[in-house]
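Residue numbers (our numbering), protein chains in the order written: chain A, 69 to 843; chain H, 55 to 173. Read through the structure below, which is laid out as structure tokens, and then see the notes.
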């Protein structure tokens with residue numbers, strides 16, 4: 069009974085087990101089949117009693133079963149052997165099998181018991197585990213788990229990639245390893261927060277990699293619970309957000325730039341609908357972002373420029389950018405403003421144009437600056453040119469008019485006048501005036517400005533008067549009979565008057581400007597006029613000096629003309645009487661010799677008087693020329709013949725080309741040739757030959773007169789053609805006033821020719837002049 | 055053949071004398087005048103064959119006298135020789151005077167030739 073009671077106990081354990089328990093003999097005939105086996109395999113114990121174990125497996129497992137039995141017969145223990153069994157319904161079930169031998173009373177093994185556990189769930193869990201592990205390992209994010217104390221318990225590949233540590237290096241170490249010094253406290257805070265709230269939390273922080281790089285990370289921290297649900301640690305998913313952060317920063321920077329730009333930055337669809345609108349656009353165009361976005365871009369375009377938008381859009385559609393296109397746009401308040409537009413296509417990721425971004429710069433200021441600069445440079449130009457043109461000018465009236473015109477223009481006056489005191493030949497003062505911006509009649513009937521309270525400061529040289537509204541000035545309207553501007557006076561409110569003071573300190577005139585509006589004349593205008601007035605004063609002084617000099621010069625010329633005439637009268641009679649003597653009475657002996665010498669000296673005296681007379685004409689610009697066509701060669705030949713006759717001891721070697729036709733003054737050119745030959749004779753008294761050559765080249769006739777005298781030094785060559793210059797020579801004295809070559813040069817140049825000298829000391833000199841074939 | 059009559063208007067007596075001497079030697083009849091007034095008076099009385107005029111005169115200008123003579127039918131055919139120290143042949147032409155010209159001082163042979171030429 070003891071035994072059966074024990075057996076019963078076993079049976080109840082056997083039946084109560086969760087796992088299937090099956091006993092079989094050594095031939096695999098089933099001897100026992102517990103209820104769990106019935107549930108697992110779908111066979112009842114009655115059905116299986118005596119049946120073969122093979123019913124719960126595929127044939128492929130028969131061998132394995134044999135092997136397991138052999139093993140346990142040999143004393144090998146088989147525990148939790150994983151295999152697959154089959155249910156009655158044909159379904160494969162993963163199982164873990166533990167086999168134990170069954171012995172009889174004698175200790176012989178008579179069978180085996182198999183405890184077969186269904187491990188389907190475990191396998192699924194295992195697979196899930198493996199999948200999770202694979203996921204964790206395969207993630208780019210770092211997944212780290214720690215205890216609540218912060219000790220790292222797991223570390224995936226992503227963590228290794230991001231932070232550079234291998235799992236083996238960090239497992240068991242504290243998370244502080246990854247934290248920069250100033251963030252060490254975060255770990256405890258995060259852990260306690262997560263464990264207390266029991267919730268997943270997100271943080272952005274910075275970790276430090278093995279190589280010291282700071283890595284911005286986005287952390288997702290979740291509590292890790294044990295089976296009981298107590299939080300025992302945390303898992304952290306750390307995402308490296310360096311790139312994202314850079315992109316964010318870049319985007320933020322761009323957004324900030326766009327927002328803070330003074331330029332309008334607008335994007336629009338290809339249909340012209342405004343999508344974005346920055347502060348600059350708000351400022352330039354006056355519409356707020358909310359007013360503008362969603363509306364058509366044409367709200368900014370003046371009607372007469374609407375076609376511009378079509379052109380811009382068609383250009384953008386074809387992917388072309390529009391750069392610094394200057395145009396006009398219209399503000400919300402209707403004001404038109406000049407802008408410079410740059411429009412670029414907005415491309416989608418596949419490269420198609422989906423819209424346009426437009427940068428508009430308000431160039432009002434630039435335009436104004438440009439205009440101001442242009443104005444300024446024009447003023448400068450005018451200032452510069454007025455200074456130059458009046459300083460070159462000697463005619464008072466021209467100076468006055470130029471100054472009046474320029475200053476009226478520069479000040480923006482409606483009209484300007486220049487009153488100038490001048491002394492006439494009798495020393496009486498009279499007033500010249502010039503006007504700008506008003507007809508002469510507007511002033512003529514008013515008479516000259518009088519010494520009123522208003523004009524007094526200008527004409528007494530007290531300084532500049534500049535008044536924004538002259539009718540309100542205390543000095544205005546004090547004088548009878550008009551008490552203000554006479555009837556018919558030009559309307560003047562803005563008034564500017566600048567005295568013109570000569571170098572001697574005397575006020576010689578005044579510049580007056582008027583404008584019918586108030587406050588037109590500014591300090592800068594005053595400065596400009598004062599500066600021009602001082603230049604004008606100098607020019608007027610110069611002009612006065614010039615007039616004085618001219619008058620003196622005229623007197624001198626008159627005197628020379630008179631003197632030469634008066635000198636010639638005795639010359640003529642002396643010459644006449646001496647010739648009569650020479651020809652009719654004193655025809656031989658010493659008397660004739662002296663007579664010849666006297667006549668020769670008279671001729672010389674006559675030439676000197678002629679030269680004096682010529683030079684006064686050259687200086688006065690009054691040397692007259694009479695141009696005609698003639699053969700220069702013939703003229704030279706005649707002159708040569710005359711010289712041969714009068715100086716038979718000398719050789720005049722004339723070498724002349726034929727047909728040297730020119731258009732010139734025969735008498736003056738004769739004078740030139742005579743002068744040069746005379747010089748050749750005079751300065752080379754011992755050399756008996758003078759060479760005279762005339763040739764023609766393609767453009768001109770070249771005439772040269774060569775002597776074989778002492779030559780001319782380089783220094784003398786440079787000065788020889790100037791007035792009163794004479795070559796000094798200790799060895800010989802040659803008479804003359806030094807006018808001959810000066811007059812010669814003047815004559816040659818009036819024929820558009822050139823004259824120069826070629827000489828070497830001791831080797832004679834050649835004077836060469838040219839006369840164009842035709843003038 | 056009758057000797058040709060030459061009127062000379064020249065304010066300088068010495069020059070008058072020289073001209074008269076040369077031309078008398080050359081076979082001309084000479085009448086001399088020192089002022090335009092005397093000359094004008096004479097010419098109204100009797101016409102010469104040749105007239106020699108100085109330009110700068112105390113009471114007139116030889117060029118004006120020349121133009122007057124040439125503007126008058128009676129005297130327009132009489133050849134005129136102008137003499138001057140300061141003027142040139144060109145000045146004479148520009149004045150509208152149709153006259154020959156000789157500048158002072160002159161070569162006496164040359165002077166005689168010029169008179170012969172227009173006589």
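Note that beta-carbon positions come from the ideal geometry of N, C-alpha and C, so glycine has one too.
Checking 9 Å against the spacing of the C-beta atoms, do residue 158(H) and residue 639(A) come in under that value? Taking 9 Å as the Cβ cut-off, residue 158(H) and residue 639(A) qualify as a contacting pair.
Within 10 Å of its beta-carbon, does residue 246(A) have 16 or more other beta-carbons around it, so buried, or fewer, so exposed? With a 10 Å radius around the Cβ and a threshold of 16 neighbouring Cβ atoms, residue 246(A) comes out buried.
Between the alpha carbons of residue 86(A) and residue 171(A), how many angstroms are there, rounded? Distance between the alpha carbons of residue 86(A) and residue 171(A): 24 Å.
Terminal residues of the continuous beta strand (DSSP E) containing residue 430(A)? Counted as a single uninterrupted DSSP element, the beta strand (DSSP E) harbouring residue 430(A) occupies residues 421 to 430.
Min CB distance residue 79(H) to chain A below 9 Å: At least one chain A Cβ lies under 9 Å of residue 79(H).
Is the segment 254 to 267 of chain A touching the segment 215 to 226 of chain A in the sense that three or more CB pairs, one from each, lie closer than 8 Å? Three or more beta-carbon pairs drawn from the segment 215 to 226 of chain A and the segment 254 to 267 of chain A are found closer than 8 Å, and the two stretches are therefore classed as touching.
Which residues mark the beginning and the end of the beta strand (DSSP E) in which residue 150(A) is found? Membership of residue 150(A) in the beta strand (DSSP E) is indicated by the continuous run 146 to 154.
Kindly identify the DSSP beta-bridge partner or partners of residue 135(H). Residue 135(H) pairs with 106(H) and 154(H).
Contact criterion: CB-CB distance below 9 Å. Does residue 62(H) meet it with respect to chain A? No, residue 62(H) lies away from the interface with chain A (no Cβ there is under 9 Å from its Cβ).
Measure the CB-CB distance between residue 229(A) and residue 263(A) and report whether it falls below 9 Å. It is not a contact, given that the beta carbons lie outside the stated cut-off.
Do residue 323(A) and residue 427(A) have their CB atoms nearer than 9 Å? In this structure, residue 323(A) keeps its C-beta atom at 9 Å or more from the C-beta atom of residue 427(A).
Alpha-carbon to alpha-carbon, residue 779(A) and residue 798(A): Its pLDDT being 49, under 50, residue 798(A) is placed unreliably by the model, and the measurement read from it follows with that caveat. Looking at the backbone, the Cα of residue 798(A) and that of residue 779(A) are separated by about 14 Å.
Quick one: residues in its chain with C-beta nearer than 8 Å to the C-beta of residue 151(H), no 5 flanking neighbours on either side, listed in chain order? If we look at residue 151(H) and ignore the five residues flanking it on each side, its Cβ neighbours are 117, 120, 121, 124, 134 and 136.
What separation, rounded to the nearest whole angstrom, lies between the Cα atoms of residue 919(A) and residue 317(A)? This structure cannot settle anything about residue 919(A), because the visible part of chain A is limited to 69 through 843.
In terms of residue numbering, what span does the beta strand (DSSP E) encompassing residue 219(A) cover? It is not in any beta strand (DSSP E) - residue 219(A) carries neither H nor E in the DSSP assignment.
Taking the DSSP output, what are the residues bridged to residue 89(A)? DSSP output for residue 89(A) lists 183(A) as bridge partner(s).
Among the candidates 771(A), 784(A) and 775(A), whose CA atom is the shortest distance from the CA of residue 837(A)? For residue 837(A), the nearest C-alpha among the options comes from 771(A).
Does DSSP classify residue 206(A) as helix, strand or coil? Here residue 206(A) sits in helix by DSSP.
Under the DSSP definition of a beta bridge, which residues are partnered with residue 20(H)? There is no way to answer for residue 20(H), as the model of chain H reaches only from 55 to 173.
Short of 9 Å Cβ to Cβ, which residues in the segment 98 to 116 of chain H face chain A? From the segment 98 to 116 of chain H, only 110 have a Cβ closer than 9 Å to chain A.
Taking CB distances under 9 Å as the criterion, tell me whether residue 632(A) reaches chain H. At a cut-off of 9 Å between beta carbons, residue 632(A) contacts chain H.
Could you have a look at residue 699(A) and say whether DSSP puts it in helix, strand or coil? In the structure shown, the three-state DSSP call for residue 699(A) is strand.
Taking a Cβ distance cut-off of 7 Å, strictly less, list which residues of the segment 615 to 649 of chain A are near chain H, in chain order. Those would be 629, 632, 633, 636, 637, 639, 640, 641, 643, 644, 645, 647 and 648, in chain order.
If we count the other Cβ atoms within 10 Å of its Cβ and call it buried at 16 or more, is residue 112(H) buried or exposed? Result: exposed.
Note the first and the last residue of the continuous alpha helix (DSSP H) segment covering residue 261(A). Residue 261(A) -> alpha helix (DSSP H) spans 253 to 265.
Does DSSP put residue 798(A) in a helix, in a strand, or in coil? Only weak support exists for where residue 798(A) lies, its pLDDT of 49 falling under 50; the coordinates are left without a value.
For the segment 672 to 700 of chain A, which residues have a CB atom closer than 8 Å to at least one CB atom of chain H, in sequence order? Taking a C-beta cut-off of 8 Å against chain H, the contacting residues of the segment 672 to 700 of chain A are 674, 681, 692 and 694, listed in chain order.
Limits of the unbroken alpha helix (DSSP H) element including residue 725(A): Per DSSP, residue 725(A) belongs to no alpha helix (DSSP H) and is neither H nor E.
Residue range of the beta strand (DSSP E) that residue 579(A) falls in? Looking at the DSSP string, the run of the beta strand (DSSP E) that includes residue 579(A) is 575 to 583.
Three-state class that DSSP yields for residue 757(A) in the structure shown: In the structure shown, residue 757(A) sits in a strand (DSSP, three-state: E or B).
Whose C-beta lies closer than 7 Å to the C-beta of residue 76(H) among residues of the same chain, with five residues either side of it excluded? When the five nearest sequence neighbours on each side are left out, the beta carbons in the same chain lying within less than 7 Å of the beta carbon of residue 76(H) are those of 162, 165 and 166, in order along the chain.
Which chain H residues are close to residue 651(A), counting only those with a beta carbon under 8 Å from its beta carbon? Counting only Cβ-Cβ distances below 8 Å, residue 651(A) has contacts in chain H at 162 and 163, in chain order.
Can you check the segment 442 to 498 of chain A for any beta strand (DSSP E) of at least 3 residues that lies completely inside it and give the ranges in chain order? DSSP runs (the beta strand (DSSP E)) wholly in the segment 442 to 498 of chain A: 483 to 491.
Assigned exposure category for residue 741(A) - 16 Cβ within 10 Å defines buried: Around the C-beta of residue 741(A), 16 or more other C-beta atoms lie within 10 Å, and the residue is accordingly described as buried.
Roughly how many angstroms lie between the CA atoms of residue 98(A) and residue 75(A), to the nearest whole one? If you take the alpha carbons of residue 98(A) and residue 75(A), they lie about 18 Å apart.
Look at the Cβ atom of residue 334(A), then the Cβ atom of residue 342(A), and state whether they are nearer than 9 Å. Between residue 334(A) and residue 342(A), the CB-CB gap stays under 9 Å.
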